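Student: This is the structure I want to talk about, given as structure tokens.
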Amino acid sequence: MRITFFVNPNAGKGHSSSVAKDAASQYSSMGHQITVIEENSLSHAKNELEINLAVFPPDRVVVVGGDGNVHWSLQGLAHSPSALQVIPMGTGNDFARHHGFVKKLSLTNSSSKRPIDLGRISYDNEQRYFGQILSTGFDSLVNKRANEMKYLRGRIKYTVATILELRSFTPLRYSLTVDGKKRTVEAIMVAVGNGDSYGGGMKLIPKANSSDGKLDLFILHSVSKWELIKVFPKIFSGRHVTHPEVEIRHVKRVIIDSDALVYADGEYVTQGKVAVEIDPAALLLVDQP
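Each residue of the sequence shown is one higher than the one before, starting from 135 at the first, in this note's numbering.
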């Protein structure tokens, strides 16, 4: 079996390299052919993975890192015969958590794979895949600020970023086209989920199913700042879904037109109009033993 490791050397407080080396060594001792991609430059790492998938397609890609590394691996793995396995070493690890990947890698010779859906974003004549959640509005601003906080890690930095963003945020006007039907809303945030959480365990869409052939459109309609202060922390437990201004519905395609920043899996995508649609069974995951 050919196995490629896609490693973020900065993840896990710098411990991801040693974790990847140990896992690669164990897989090698089991008779597998190993390739390790580990670059400090993200662009170089993405290029190497793209070449690896095109020229020497592996049976499996093992991502050692966080949601960002997973996100970039999806761009090459979508509709590929290579299966994804994750050793979560990042800040959030939402994709890994949602799909049952744990930090202690379960070594397996099994070639068993299972398909899951991906979200596909179209914008400015480009396309991008995502595994968990696409966010716009208040949460995307929180995401941006949290990414800039190099001195904090884990859930606490998203909490701090939330408090800081609350001071100046005002609701946004969105033009939406939901499965062909147009509507206009004033909202705190509009998100589209393929998975249940983001931001290190913020359970935005607790019942999201990555294998049902549908996405979940999430809208938090306009509320006062005081009400937002009460509602937003409940996202960590999923109790926010009962709030009267929270709307969640299954969709296959939605066009979001606003001035909001757009993030997917915690990575910046664009600002402005995007079309988001479900891409059923677009990714193969390694079945965990």
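Glycine residues also receive a C-beta, built at the ideal position from the N, C-alpha and C atoms. Quick caveat, the model's predicted, so the values are computed rather than measured.
Looking at C-alpha atoms only, which residue of Ala342, Tyr397 and Arg307 is the closest neighbour of Leu354?
Tutor: Stepping through the sequence shown from its first residue, residue 354 is reached at position 220. The residue with the shortest Cα to Cα distance from Leu354 is Arg307.
Student: Whose CA, out of Ile297, Val197, Gly333 and Gly329, lies closest to the CA of Thr169?
Tutor: Working through the sequence shown from its first residue, we reach residue 169 at position 35. Closest by alpha carbon: Val197.
Student: Quick one: residues in its chain with C-beta nearer than 6 angstroms to the C-beta of Asn203, no 5 flanking neighbours on either side, listed in chain order?
Tutor: Translated into the one-based positions of the sequence shown, residue 203 becomes position 69. Answer for Asn203: Asn142 and Val197, listed in chain order.
Student: In the DSSP assignment, find the alpha helix (DSSP H) that holds Lys364 and state where it starts and stops.
Tutor: Locating residue 364 in the sequence shown gives position 230, where the first residue counts as 1. Per DSSP, Lys364 belongs to the alpha helix (DSSP H) from Lys359 to Val365.
Student: How is Arg136 classed by DSSP in three states: helix, strand or coil?
Tutor: As a position in the sequence shown, residue 136 is number 2, starting the count at 1. Here Arg136 sits in strand by DSSP.
Student: Applying the 10 Å Cβ sphere with the 16-neighbour rule, what's the burial state of Trp206?
Tutor: One-based indexing of the sequence shown puts residue 206 at position 72. Buried, because 16 or more other Cβ atoms sit within 10 Å of the Cβ of Trp206.
Student: Am I right that Asn328 and Ser344 are in contact with their C-beta atoms under 8 angstroms? What's the rounded C-beta distance?
Tutor: Numbered from 1 along the sequence shown, position 194 holds the residue referred to as residue 328. Numbered from 1 along the sequence shown, position 210 holds the residue referred to as residue 344. The Cβ separation is near 5 angstroms, so the contact holds.
Student: Helix, strand or coil for Gly148 per DSSP?
Tutor: Against the sequence shown, residue 148 aligns to sequence position 14. Gly148: helix per DSSP, three-state reduction.
Student: Which residue wins for smallest C-alpha separation from Ser162, given the options Met135, Leu417, Tyr402 and His232?
Tutor: Taking the sequence shown and counting its residues from 1, one reaches residue 162 at position 28. The shortest C-alpha separation from Ser162 is found at Met135.
Student: Measuring CB to CB, does Pro192 end up less than 7 angstroms from Thr138?
Tutor: Here residue 192 refers to the residue found at position 58 of the sequence shown. Here residue 138 refers to the residue found at position 4 of the sequence shown. Yes. Within cutoff.
Student: Evaluate the contact criterion for the segment 370-389 versus the segment 401-419: three or more CB pairs, one atom per stretch, below 8 angstroms.
Tutor: Touching, per the Cβ criterion.
Student: Spatial neighbours of Ser151 within its chain, please: CB distance less than 6 angstroms, with the 5 preceding and 5 following residues excluded, ordered by chain position.
Tutor: By one-based count along the sequence shown, residue 151 stands at place 17. So the qualifying residues of the chain are Pro143.
Student: If contacts are defined as beta-carbon pairs under 8 angstroms, then Ala217 and Lys247 qualify, I think. What distance do you get, rounded to the angstrom?
Tutor: Translated into the one-based positions of the sequence shown, residue 217 becomes position 83. Translated into the one-based positions of the sequence shown, residue 247 becomes position 113. Between Lys247 and Ala217 the Cβ distance is about 4 angstroms, and since that is below 8 angstroms, they are a contact.
Student: Just to confirm before moving on: does the CB-CB distance between Phe140 and Ile171 stay below 7 angstroms?
Tutor: Taking the first residue of the sequence shown as position 1, residue 140 is located at position 6. Taking the first residue of the sequence shown as position 1, residue 171 is located at position 37. In this structure, Ile171 lies closer than 7 angstroms to Phe140 by Cβ.
Student: Taking only the alpha-carbon atoms, compute the straight-line gap between Val294 and Val276 and give it to the nearest angstrom.
Tutor: As a first step, residue 294 must be located in the sequence shown, where it is residue number 160. As a first step, residue 276 must be located in the sequence shown, where it is residue number 142. Cα-Cα distance, rounded: 9 angstroms.
Student: What are the boundary residues of the alpha helix (DSSP H) that includes Leu211?
Tutor: Reading the sequence shown from its first residue, position 77 is the one you call residue 211. Asp201 to Leu211 is the span of the alpha helix (DSSP H), which, as asked, contains Leu211.
Student: Span of the alpha helix (DSSP H) holding Lys278?
Tutor: On the sequence shown, position 144 is the one that residue 278 refers to. Phe272 to Asn281 is the extent of the alpha helix (DSSP H) around Lys278.
Student: Just to confirm my understanding: we take Asp251, look at its own chain, exclude 5 residues before and 5 after, and list those with CB closer than 7 angstroms. What are they?
Tutor: Counted from its first residue, the sequence shown places residue 251 at position 117. For Asp251, where only same-chain residues beyond five positions count, the Cβ hits under 7 angstroms are Asn328, Ser344, Ser345, Gly347, Ile412, Asp413, Pro414, Ala415 and Ala416.
Student: Should Asp156 go down as buried or exposed, given a rule of 16 or more other Cβ atoms within 10 Å for buried?
Tutor: Within the sequence shown, residue 156 is the residue found at index 22, counting from 1. Exposed, by the Cβ-count rule.
Student: State whether the segment 394-402 contacts the segment 354-367, with contact taken as three or more CB pairs (one from each stretch) at a distance under 8 angstroms.
Tutor: Cβ pair count under 8 angstroms is below three, so no.
Student: With respect to the beta strand (DSSP E) encompassing Leu419, which residues constitute its N-terminal and C-terminal limits?
Tutor: In the sequence shown, the residue the question calls residue 419 occupies position 285. Here the beta strand (DSSP E) through Leu419 covers Val408 to Val420.
Student: Could you give the first and the last residue of the continuous alpha helix (DSSP H) run that contains Ser392?
Tutor: Numbered from its first residue, the sequence shown carries residue 392 at position 258. Careful: Ser392 lies outside any alpha helix (DSSP H) and carries neither H nor E.
Student: For the alpha helix (DSSP H) that contains Lys180, what are its first and last residues?
Tutor: Mapped onto the sequence shown, residue 180 falls at position 46. Unbroken alpha helix (DSSP H) run through Lys180: Leu176 to Val189.
Student: Look at the alpha carbon of Leu187 and the alpha carbon of Asp350, and state the distance between them as a whole number of angstroms.
Tutor: Reading the sequence shown from its first residue, position 53 is the one you call residue 187. Reading the sequence shown from its first residue, position 216 is the one you call residue 350. Going from the Cα of Leu187 to the Cα of Asp350 covers about 30 angstroms.
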